[in-house]
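A short worksheet on the structure shown next.
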Amino acid sequence: MPSSTFLNLAPEKQEKLLSAAVREFTERPYNEASINRIVREAGIPRGSFYMYFRDKEDLFHYLMEESINEMLMVFEEVLRSQGGDIFAALPAMYDHLRSRRSADRGLGGMGMLSAIVERNGGLQKSCLIDFLDTQAVLAQLAAAVNPDLLDIWEASDLERIVRTVLTVALPLIYDAVHTETAESREELSKTLEILRRGMGAKPAAGHR
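According to the working numbering, the sequence shown is numbered sequentially starting from 140.
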């Protein structure tokens, strides 16, 4: 995470450094990215960089976390636009990401995450989850889900359902920013349909 020194910088100075970092990480794999090029483009001394971030990894993690948090904000908007139907929102989000793969790759652009993932073939699906505060995400998204559309038996079921659906769906949505596989959209829809209808045999009438 950035230091308080960085957070206290004027917004335009923060943006200058972060924009230089985005350019570096979207144009080169992580292991080839250079702090020297970042600070040169940002126009700051190398020593100043270490007053803001511990190292290259710290900066990279911050950019990824900010990018993923922004994507989650978009997903929350999509979820609300779908009336809180998480099963409808996930395919809609998938389509949104596919349509934005070549979008603005600058700081805050939806194409930034796509570009970084493309440059880093070793950046696995599970690694993206590591950048999230899982409990905060669950609470945020659960608040946007319409519980009337789900088979909830007790209050804690809502969070469990959201967690289960995201755990299954996120690796498939990852394909939207990592591959060109057209079949992944159909796979996502079929998987969500199984989750929606349930995987257990239906009980006899009058029993639950």
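All C-beta atoms, glycine included, are put in the ideal place defined by N, C-alpha and C.
Any idea what DSSP makes of residue i, helix, strand or coil?
i    : result
P230 : helix
R193 : coil
M210 : helix
P286 : helix
M203 : helix
A293 : Residue 293 is actually Glu in this sequence, not Ala. E293: coil per DSSP, three-state reduction.
M140 : coil
P184 : coil
P310 : helix
A340 : coil
R239 : coil
N259 : coil
List the endpoints of the continuous alpha helix (DSSP H) containing residue i.
i    : result
E166 : P150 to E166
K329 : E322 to R336
S143 : S143 to L146
L280 : T273 to A281
E180 : I174 to A181
State the CB to CB distance for the pair residue i and residue j, rounded to an integer number of angstroms; the pair is presumed to be in contact (CB under 8 Å).
i    : j    : result
P230 : L331 : 7 Å
R219 : A283 : 5 Å
L309 : L297 : Going by Cβ atoms, the distance from L309 to L297 rounds to 18 Å, so no, they are not a contact pair.
I93  : L156 : What the structure shows of the chain is the stretch from 140 to 347, and residue 93 is not part of that stretch, so it cannot be assessed.
S295 : L311 : Not quite, the Cβ-Cβ distance comes to about 26 Å (not below 8 Å), so this is no contact.
A281 : V304 : Incorrect: roughly 11 Å between the Cβ atoms, too far for contact.
S206 : M251 : 5 Å
A172 : E163 : 5 Å
T165 : R258 : 6 Å
At least three beta-carbon pairs within less than 8 Å, the stretch 176–190 to the stretch 211–218: In the pairwise beta carbon analysis, the stretch 176–190 is classified as not touching the stretch 211–218: fewer than three pairs are separated by under 8 Å.
Three-pair Cβ contact test at 8 Å for the stretch 140–148 versus the stretch 189–196: Put simply, the stretch 140–148 touches the stretch 189–196. At least three CB pairs are less than 8 Å apart.
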